[in-house]
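Q: Next up is a structure, given as structure tokens.
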Amino acid sequence: MVGGLRTRRLDEVAARSCGTLRPSPRAVHAARGVGATVGGQHVARDPGSNAGRIAGVGLPSRLPGKRRELSPVCLAGLGPDDLPSSAESIVKGTGNAPQVLEVAPKPPSDIEYLQELIAIQQNGPKNIGFFGTRNMGFLHQQLIEILSYAMVLTDNHIFTSGATGTNAAVIRGALRAERPDLLTVVLPQSMEKQPPESQELLKQVQETGAKMIEMPDNDDLTLFEASSICNDDIISRVQQIICFAFHDSKLLLETCAQAKENKKMVTLFYLD
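Mind the numbering: the sequence shown is residues 1 to 272 in UniProt numbering, read in order.
As structure tokens, then:
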């Protein structure tokens, strides 16, 4: 009679504490060792089971050499030791929830971290390459011109190409600083192949004594191919690049990726 009252009270407490939760397989297994009622269902006692006893009696612990005491609160979960750890939840998942395995991206090597740290802490002048789209508004061009002007005033050597838009703004800013020795313009093709709207500014570059490099061997190539070669040449001359691009600027994004592969510092500004 005492065992029946204990079982009934245990069932009531479990129902109040757990609501309509289904008992876990571990709880059913533990209850089978003593023949208890779990979640409103009677579990027959398994004579050969040593899963333990309930209602305040010691149960086996997953910790070696220890046993734990359980209060008959909720048989749907036997206690903290029966709950999966954070690591187990990640590896094995929880319950019947779908498990999604993701491969973590390979972290940068220690050498790459050190190279970036040294480059950031290097306060001296640098060779900086400017790249960017031809299609940008007047306000963006003004900001780039100011940035180029400030870079030259702080003794940085500026490398850029000769197109309109970003390149033209960079050239104007560098010329304003009146340090032609700190400006190098690399053309993807010969001077004659440059658009008319760029040639006037390029003539100013020549008149100030700034260095201008032409690539007449690329005159037979498409502008895209010649520009790609030109960008690679600029990357080889600098420690850092600053790029202004849109998300669909294929050549510029490829240039940034190439610079990163060559361990250059890359600062990329998206205009959209």
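Virtual Cβ for every residue (Gly too), placed ideally from N, Cα, C.
Can the beta-carbon of residue 238 be found less than 8 angstroms from the beta-carbon of residue 263?
A: In this structure, residue 263 does not lie closer than 8 angstroms to residue 238 by Cβ.
Q: With DSSP as the reference, please indicate the residues paired to residue 245 in a beta bridge.
A: The partner list for residue 245 (beta bridge, DSSP) reads 270.
Q: Can you tell me whether residue 267 is buried or exposed, with buried defined as 16 or more other CB within 10 angstroms of its CB?
A: Classification for residue 267: exposed.
Q: Can you give the Cα-Cα distance for residue 235 and residue 217, rounded to whole angstroms?
A: In a straight line, the C-alpha of residue 235 is about 19 angstroms away from that of residue 217.
Q: Please specify which runs of the alpha helix (DSSP H), each continuous and at least 4 residues long, are wholly inside the stretch 129 to 183, giving them in chain order.
A: Fully enclosed alpha helix (DSSP H) runs of 4 or longer: 138 to 153 and 166 to 176.
Q: Expressed to the nearest angstrom, what Euclidean distance is found between the alpha-carbon atoms of residue 163 and residue 153?
A: The straight-line gap from Cα to Cα measures roughly 23 angstroms.
Q: For residue 260, report the span of its alpha helix (DSSP H) as first-last.
A: Residue 260 -> alpha helix (DSSP H) spans 250 to 261.
Q: Per DSSP, what kind of secondary structure is residue 240 in: helix, strand or coil?
A: Strand at residue 240.
Q: Return the bridge partner residues of residue 231 from the DSSP annotation.
A: DSSP, once it has assigned bridges, lists no residue as partnering residue 231.
Q: For residue 135, is the classification buried or exposed, using 16 other Cβ atoms within 10 angstroms of its Cβ as the cut-off for buried?
A: When all chains shown are included, residue 135 counts as exposed.
Q: Please state whether the Cβ-Cβ distance between residue 159 and residue 242 is less than 8 angstroms.
A: No. Outside cutoff.
Q: On a CA-only basis, which of 171, 222 and 125 is nearest residue 132? Give me that one, please.
A: Closest by alpha carbon: 171.
Q: Determine the contact status of residue 273 and residue 219, defining contact as a CB-CB distance below 8 angstroms.
A: The displayed coordinates of the chain run from 1 to 272. Any statement about residue 273 would go beyond what the structure contains.
Q: From residue 165 to residue 124, what distance separates their C-alpha atoms?
A: Whole-angstrom Cα-Cα distance: 28 angstroms.
Q: Comparing alpha-carbon positions, which option in 249, 147, 211 and 141 lies nearest residue 186?
A: Residue 211 is the option with its Cα nearest to residue 186.
Q: Can you find the residues in the same chain that come closer than 7 angstroms, C-beta to C-beta, to residue 151, ignoring five residues on each side of it along the sequence?
A: Excluding sequence neighbours, residue 151 sits near 128 and 158.
Q: Provide the residue(s) that pair with residue 212 in DSSP beta bridges, ordered along the chain.
A: According to DSSP, which records beta bridges pairwise, residue 212 is partnered with 185.
Q: In this structure, how does DSSP classify residue 20 when only helix, strand and coil are distinguished?
A: Reliability fails at residue 20, whose pLDDT of 46 lies under 50, so the model's placement of it is uncertain and no value is given.
Q: Would you kindly work out how many angstroms separate the C-alpha atoms of residue 248 and residue 205, rounded to a whole number?
A: Their Cα atoms are separated by approximately 31 angstroms.
Q: Please name the residue or residues paired with residue 127 in a DSSP beta bridge.
A: DSSP, once it has assigned bridges, lists 157 as partnering residue 127.
Q: Would you kindly work out how many angstroms separate the C-alpha atoms of residue 149 and residue 226, rounded to a whole number?
A: In a straight line, the C-alpha of residue 149 is about 27 angstroms away from that of residue 226.
Q: Candidates 178, 224, 271 and 146: which alpha carbon is nearest residue 209's?
A: The residue with the shortest Cα to Cα distance from residue 209 is 178.
Q: DSSP state of residue 75, grouped into three classes?
A: In this predicted model, residue 75 has a pLDDT of only 43, less than 50, meaning its place in the structure is not dependable; the value taken from the coordinates is given anyway. The answer is coil: DSSP assigns residue 75 none of H, G, I, E or B.
Q: Quick check on residue 146: buried or exposed, where buried means 16 or more other Cβ atoms within 10 Å of its Cβ?
A: When all chains shown are included, residue 146 counts as exposed.
Q: Taking Cβ positions, are residue 269 and residue 244 nearer each other than 8 angstroms?
A: Contact: yes.
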